[in-house]
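Structure first, commentary second.
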Amino acid sequence: MRTVTLPAPDDFDSWRDAARPLAAAEVPPDDVVWQVGEAPTDLFAGESVAHEAPAGAGFTVPRPFIDLARNVVLANDPERFALLYTLLFRLRREPKLVEDRADPLVRRLDGLARQVRRDIHKMRAFLRFREVDEGGTPRFVAWFEPEHHIVRANAAFFVNRFASMRWSILTPEVSLHWDGKGLSEGPGASKADAPEGDPIEAVWKTYYASIFNPARVKIGAMLKEMPRKYWKNMPETALVPQLIAGAQAREASMIQTAQTRQDIGGNSQVAWEALREEAAHCTRCHLYKHATQTVFGEGPVDARLMFVGEQPGDQEDLAGKPFIGPAGQVFNRALATAEIDRDTVYVTNAVKHFKFEQRGKRRIHAKPGAGEIDACRWWIEQEQMLIRPDVTVALGATAARSLLGKVVTIGKERGRALTLPDGGQAWITVHPSYLLRMDDKARAEDEFGQFVDDLRKVKAALG
Ligand code: URA
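Everything in the sequence shown is counted per this note's numbering, starting at 19 for the first residue and increasing by one.
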């Protein structure tokens, strides 16, 4: 019997580092006990003898397994590490097992991953900050009780969204503190440590709005006008600065801003999956009623380059993936000619549902209107905050309108860098389907060349 002791309940990397050599050495799942700290998590395992996991070569596991495991590790189920290891072990002989939704183990793990994604979403949707005065400067403190071990996994989301605030999120297991530059981690807290009272909804909303369009809101002025009726003379308020100071003194780790993205990259993946899951149920406009499904963006969460199209077409709607139909073929050819690897870029659409007119058996593309673009802007902004691309490329007028919040003329704006409301760099070029619609072959080739030239400039801008 071997015992693997993981340092933290949400530590995917340590689980993977231990599990790979064990599976490579064909150690049966029944011979491994997984525990966190000193506490056994696999309550059903027999007596265990401490044993080092053997070093040695791992083996390649399919990407969907890694994606699943990153979520499952966060679940509040004491058997999760053992269940994942059983799946990993079986994958050696059944490489496609992870796709077999009829398999009871896969179904159970999928269920756990779904619960985790929901919890991540709940934390993002329901957590509310309260303002406390910390030596003359405001700090925003929130108390949250997650069902699963999702707090670190959600850190990237809150850092991205509330980058300019100083905030603390207190939870029973761990607390997170952001000082505007670095994220630090402290021990768990209790509800009594957190300030009570009405959450400062106006601040919350102001920050949402400010992040989405800073040109629209003057945050400084709004904060000054905000009534400071909270906390000042309340006894429990005094605890909060102490708590924060104490927690900071016992910081488990300090992450520099420059490293934040890299360090919490795995967690961005989990947060992105939660976002995609949330978007799958989007009813922000009426388009969901007739489309087959939400077609969310696709690509690595640490992509430096993001492409935004208009909306999914017929084939994308059926497959649930962006740019795989005829326009996608043109897009792929142009990317290849410009020597941009599609696997390294994030590809999404301004509108996530297919809008069409039914003509007989055919579904004919219909242009999304301003209301649909505006309703869907929520998703693209969330994608941008998570991915934080260095450069975003708008393919066509709808994408440009969504990103810049105004109508632009492609011919006038293409071929040069523009600045997005969040400070990121944007480029505008034509939509690939514009090239497809051209009857004149010579002109189409010429336009294709210009499209590729734009992409080459974008590539050069990335450095
Ligand atoms: N056109 C788009 O704008 N997006 C797609 O995903 C497909 C076609």
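Even glycine gets a Cβ: it sits at the ideal position worked out from N, Cα and C.
Note that the coordinates shown come from a computational prediction; the quantities given were computed from them, not determined experimentally.
Could you pull the start and end residues of the alpha helix (DSSP H) that residue i belongs to?
i	result
Arg108	98 to 109
Leu422	415 to 422
Met324	Looking at the DSSP string, Met324 is not in any alpha helix (DSSP H); the run it does join, the beta strand (DSSP E), is 323 to 327.
Thr447	Looking at the DSSP string, Thr447 is not in any alpha helix (DSSP H); the run it does join, the beta strand (DSSP E), is 443 to 447.
Glu44	Premise fails: Glu44 is in no alpha helix (DSSP H) and is neither H nor E.
Lys370	Unbroken run through Lys370: none, as it is neither H nor E.
Leu305	No alpha helix (DSSP H) contains Leu305, which DSSP labels as neither H nor E.
Ile10	The requested residue 10 does not occur in the structure, where the chain is confined to residues 19 to 481.
Asp137	122 to 144
Pro344	344 to 355
Which value, in whole angstroms, describes the spacing of the CA atoms of residue i and residue j?
i	j	result
Lys209	Gly387	46 Å
Arg395	Thr366	12 Å
Ala37	Leu106	8 Å
Pro407	Leu194	25 Å
Pro340	Arg20	45 Å
Arg381	Asp332	7 Å
Lys385	Thr189	46 Å
Leu436	Val363	19 Å
Lys424	Thr23	54 Å
Arg351	Pro46	47 Å
Ala63	Glu97	For Ala63, the predicted model reports a pLDDT of 46, less than 50, meaning its position is unreliable; a value from the coordinates is still stated below. Answer to the nearest angstrom: the Cα atoms are 9 Å apart.
Ala171	Glu463	46 Å
Glu468	Arg136	Sequence inspection shows Gln at residue 468; the Glu mentioned does not correspond to that position. Between Gln468 and Arg136, the C-alpha separation is close to 44 Å.
Leu480	Gly206	41 Å
Gly338	Arg125	21 Å
Ile187	Gly204	10 Å
Asp472	Val51	55 Å
Gln347	Met141	39 Å
Ala321	Ile138	22 Å
Val192	Leu305	41 Å
Met456	Phe466	11 Å
Phe99	Met324	35 Å
Lys379	Ala393	29 Å
Is there a C-beta anywhere in chain B that falls below 8 Å from the one on residue i?
i	result
Phe147	The structure shown contains no chain B; it holds only a single protein chain.
According to DSSP, what are the bridge partners of residue i?
i	result
Ile187	Ala160, Leu194
Tyr452	Paired residue(s): none; Tyr452 is not in a bridge.
Pro205	Val192
Asp151	Pro156
Ala412	Val326, Ile446
Leu24	Val54
Tyr364	Met324
Thr437	Gln443
Arg377	Arg380
Glu316	Val365
Within the present structure, is the beta-carbon of residue i separated from the nearest heavy atom of the ligand URA by less than 7 Å?
i	result
Ala345	yes
Asn367	yes
Pro386	no
Gln311	no
Glu328	yes
Ser451	yes
Glu401	no
Glu334	yes
Gly315	no
Phe341	yes
Gly331	yes
To which residues of the same chain is residue i closer than 7 Å at the C-beta, ignoring the five residues directly before and after it?
i	result
Leu17	Any property of residue 17 remains undetermined from this structure, which presents the chain solely from 19 to 481.
Val79	Leu106, Leu109
Thr355	Val470
Ala93	Leu130, Gln133, Val134, His166
Ala297	Thr312, Phe314, Lys370, Trp397
His383	Gly331, Phe374
Arg294	Phe314
Asp121	Leu115
Residues in the same chain with beta-carbon distance under 6 Å from residue i, minus the five sequence neighbours each way, listed in chain order, please.
i	result
Ala87	Leu102
Ala267	Interpretation of Ala267 is limited by its pLDDT of 36, a score under 50 that renders its predicted location unreliable; the figure taken from the coordinates is listed afterwards. So the list is empty, once near-sequence residues are dropped.
Arg474	Ala356
Asp29	none
Thr452	Note that residue 452 corresponds to Tyr in the displayed sequence, not to Thr. The answer is none, since no qualifying residue turns up.
Pro82	Val116
Pro450	Ala345, Val348, Phe349
Just curious, the beta strand (DSSP E) that residue i is in, first and last residue?
i	result
His383	380 to 383
Using a Cβ-Cβ cutoff of less than 8 Å, which residues in the same chain neighbour residue i once the five nearest sequence positions on both sides are dropped?
i	result
Asp49	Met19, Arg20
Leu421	Val326, Ala368, Ile398, Thr410, Ala412, Leu438, Ala444
Gln287	Asp85, Arg88, Val319
Arg377	none
Asn178	Met403, Leu404, Arg406
Val426	Ala415, Ala418, Arg419, Ile446
Pro113	Pro80
Asp128	Leu86, Arg119
Any heavy atom of the ligand GTP closer than 7 Å to the beta-carbon of residue i?
i	result
Leu305	In the structure shown, the ligand GTP is absent; the only ligands present are the ligand URA.
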